[in-house]
Every structure is written in C-alpha cells, then in structure tokens.
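*Asks:* First, the structure itself, so that you have it in front of you.
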C-alpha cells in the first residue's frame, strides 16, 4: 500500500489535532506545539530543526552536533558562534535556543559528557546534569542479582568509555549515585 504526500500530510495533521488533555477535571486542546509523549513529536522536532539548520547555518562552524534538541557547536570565532545563535533564534518566535558557556575548567556539557579542547585535542569526561534524576534499579529491589550487577557495571563502563581525561569528581559522583540507590 502506497501513501501519497497528501495522505501523509492528512494523517500527520489528524494526529496533531488530537492534542487534548485534562487538568483539574476540565478538558483543554493544545493549539500550538507538540504534546509531550506524542510518538511523532521527536521525529517532527528533528525534521523541523534540520530545516532551521539548513537555512541558518551557513558559515563559521567547525563542528556541529545535535541529538534531538541538544546542540554542541565549535565555531571559528566567538563572534561567529554568537551570530549563528542569533540567526537560530530569529528563525521562529516559537522556537528558542539557549547557550551555555564553558565552565571554569574550560568544559562544556553535551548530553552525558563534558568536552573541552586543550592543546588542540578534545578531552571528554563523564557528566551527570544537576537536573537529572539519579534513579537506578535500587539495590534492594526484587530484580535478579545479574540485573543489579549490570546496572553498576554499565555505569562504570559508560564512564570508562567516555572519559579521555581524569576528573576526580566523576568517581565521587558515581559513588554517590550508587549509594543513593542502595549500593555500597
């Protein structure tokens, strides 16, 4: 069975027009944007951001990486990055980008890493954002022992895989997360 562009457009509009939710026993319709939890929302966000990027990102960018709505940019100059940021934010009044600057050690967070360039080389360290919940399968849960062992193993393996630089706070953070979830 083949679908025409009109069929696909009709189906997408149908899905997006059914954004109804209940709050304090009253029903509301979301009229703009994509509802959280809507299965098509991540795909449409990626398509729309790619459209914005094609039009606004034209020069001065050495590295541009995006995962859904988290973007990491290295520009040839700080002014170039500022200009790109302004272009991105002027494209659509309903889409707003924010910019983070490197911390005191020169690291900039991206997903679950912090990245910096030192001596022309990229350094990565594992990073857990403050807003992220430190919820793992609890050590006292009814899950099989091998599942709980894999939780610990995968946390350490991820840290080892991502880190190219030594950061003492990483080990401390991992120990704290494990202890908060009942592991000793």
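Residue numbers (the UniProt record's numbering): 1 to 184.
We put the CB at the ideal spot given by N, CA and C, even for glycine.
Is the beta carbon of residue 162 sitting closer than 8 Å to the one on residue 151?
*Replies:* Counting from one through the chain shown, the residue named residue 162 turns up at place 162. Counting from one through the chain shown, the residue named residue 151 turns up at place 151. Result no, Cβ atoms of residue 162 and residue 151 do not sit closer than 8 Å.
*Asks:* Hey, which unbroken runs of the beta strand (DSSP E) at 3 residues or more fall wholly within the region 51-118?
*Replies:* Taking only runs of at least 3 residues, the beta strand (DSSP E) segments lying wholly in the region 51-118 are 61-67, 70-75, 108-110 and 113-118.
*Asks:* Which residue's Cα is closest to the Cα of residue 134: 116, 100 and 176?
*Replies:* As a first step, residue 134 must be located in the chain shown, where it is residue number 134. For the residues 116, 100 and 176, the minimum Cα distance to residue 134 belongs to 176.
*Asks:* Of all the options 60, 38, 94 and 122, which has the alpha carbon lying nearest to the alpha carbon of residue 106?
*Replies:* By one-based count along the chain shown, residue 106 stands at place 106. Out of 60, 38, 94 and 122, 122 has the C-alpha closest to the C-alpha of residue 106.
*Asks:* Within the same chain, show all residues whose beta-carbon is closer than 7 Å to that of residue 97, passing over the 5 residues directly before and after it, in chain order.
*Replies:* For the purposes of this step, residue 97 is identified with residue 97 of the chain shown, where counting begins at 1. 85, 88 and 89.
*Asks:* For residue 181, count neighbouring C-beta atoms within 10 Å of its own C-beta (all shown protein chains included) and say buried if the count is 16 or more, exposed if not.
*Replies:* Here residue 181 corresponds to residue number 181 of the chain shown, with the count starting at 1. With 16 or more Cβ atoms within 10 Å of its Cβ, residue 181 is classed as buried.
*Asks:* Indicate whether the contact test is met: 3 or more Cβ pairs, each with one atom in the region 25-34 and one in the region 65-82, closer than 8 Å.
*Replies:* No: the two stretches stay apart, fewer than three of their Cβ pairs being nearer than 8 Å.
*Asks:* Measure the C-alpha to C-alpha separation of residue 173 and residue 11 and round it to an integer number of angstroms.
*Replies:* Start at 1 with the first residue of the chain shown, and residue 173 comes out as number 173. Start at 1 with the first residue of the chain shown, and residue 11 comes out as number 11. Roughly 46 Å separates the two Cα atoms.
*Asks:* Just reading off the alpha helix (DSSP H) that residue 146 is part of, what are its end residues?
*Replies:* Here residue 146 refers to the residue found at position 146 of the chain shown. Run containing residue 146: 145-162, per the alpha helix (DSSP H) assignment.
*Asks:* Using the rule of at least 16 other Cβ atoms within 10 Å of the residue's Cβ for burial, across every protein chain shown, is residue 115 buried or exposed?
*Replies:* The residue given as residue 115 occupies position 115 in the chain shown. Its Cβ being crowded by 16 or more others within 10 Å, residue 115 is buried.
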